[in-house]
Structures are given as C-alpha cells and as structure tokens.
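Engineer: Here it is, the structure, as structure tokens.
In structure tokens, the structure reads:
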C-alpha cells in the first residue's frame, strides 16, 4: 500500500504544518522559560556574591586595623598572616571532615530505620503501633540519598 503525495491532500499537509508550528512554539516558549529562570538564578547569585564581597571587605578591614594597631614589622606581620591562614585552612578542613562524618552517620541511621521498619512489616507489625514516628535524619536541612548503605559522597 503505497501512499501517493496526492492522497494526503492539502488538509493533511496543513495539519502537519500546524502541528510542527505548535511544537516549535512550545519549544521556543520552553527555552524562554529556562532562560528566564537561569537569569533569575544568576541575579540571585550575583546579589549573594556582592553581599559576601562586602562581608569579606569588612573582615579584611577589621583584620588590617588589628594588625596595624599591633605595630608589627612587615616580616612579623607576614608570619602572623600566614599562620592565621594556616589555622583557618585547618579549621575549614576539619569542618568539611565533620560534615562528611555527620552525613555518613545520618545515612547509617536512616538505613537502620528503613531496615527496622521493613522487619516490622515483615513480621506484620504496623509501625503505627510503636507509639512514635522515627525521625529521618537530614544534613543541612537536606535529606540524604537513598543509595546503598555506606555510600556518602566525599566532601568537595
């Protein structure tokens, strides 16, 4: 059954053109919507960046005031600044390690709670009979993933 060009008729072609135009307009509006959302997110990020830059500038000014009030010479000032940066780096590293450990422990807790609830269900005991609802742990207000036990992404 070969369909000839003439059997589709102009109404079939017009319908296909209409469908194509409709799909194209939906595509264009989706792109505009994505661009608008990206622009809004960029604006928010720029405002956050400006606010953080202001905070950094104020902190640097405070540090410079303290250092200038201490009347240290340039080499001693450089040593103090370097030590301060080293301390801050080690503290930031410790914070990241603790955040990773917290995420790992919270994930283990959540996995244990899911296993516990599954065992209760396996023995026909509804979790409502416990008299309380076990809490799901979150890190930073964000729920942890549902990946295999022991899997937590390493900190950045």
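Residue numbers (this note's numbering): 1 to 156. Each residue gets a CB set at the ideal place from its N, CA and C atoms; glycine is no exception. For clarity, every value in this text was computed on a predicted model and none was experimentally measured.
#1: Within the continuous alpha helix (DSSP H) that includes residue 75, where are the two ends?
#2: Excluding the five sequence neighbours on either side, which residues of its own chain have a C-beta within less than 6 Å of the C-beta of residue 2, listed in chain order?
#3: With DSSP as the reference, label residue 11 as helix, strand or coil.
#4: Consult DSSP for residue 68 and reduce its assignment to one of helix, strand or coil.
#5: Can you look up residue 243 in the DSSP assignment and give me helix, strand or coil?
#6: Taking only three categories from DSSP, how would you classify residue 39?
#7: So, under 8 Å CB-CB, residue 77 and residue 67 are touching, yes? Tell me the CB distance rounded to an integer number of Å.
#8: Taking its Cβ as the centre, do 16 or more other Cβ atoms sit within 10 Å of residue 110, making it buried, or is it exposed?
#9: Does residue 131 come out as helix, strand or coil in the three-state DSSP assignment?
Structural biologist: Let me lay it out:
#1: As a working note, residue 75 is residue 75 in the chain shown. Residues 74–122.
#2: Taking the first residue of the chain shown as position 1, residue 2 is located at position 2. Caution applies to residue 2, whose pLDDT of 48 falls short of 50 and renders its modelled position unreliable; the value that the coordinates give is listed next. For residue 2, where only same-chain residues beyond five positions count, there are no Cβ hits under 6 Å.
#3: In the chain shown, the residue the question calls residue 11 occupies position 11. Residue 11 carries a helical assignment under DSSP once its states are collapsed to helix, strand and coil.
#4: As a first step, residue 68 is located in the chain shown; it is residue number 68 there, counting from the start. Helix.
#5: Only positions 1 to 156 of the chain appear in this structure, which leaves residue 243 out of reach.
#6: Working through the chain shown from its first residue, we reach residue 39 at position 39. Secondary structure of residue 39 (DSSP, three-state): helix.
#7: The residue labelled residue 77 in the question sits at position 77 within the chain shown. The residue labelled residue 67 in the question sits at position 67 within the chain shown. Correct: roughly 6 Å between the Cβ atoms.
#8: Here residue 110 is taken as the residue at index 110 of the chain shown, counted from 1. Counting every other CB atom within 10 Å of its CB across the protein chains shown gives residue 110 a total of 16 or more, marking it as buried.
#9: Along the chain shown, read from residue 1 onward, the residue named residue 131 stands at position 131. Here residue 131 sits in coil by DSSP.
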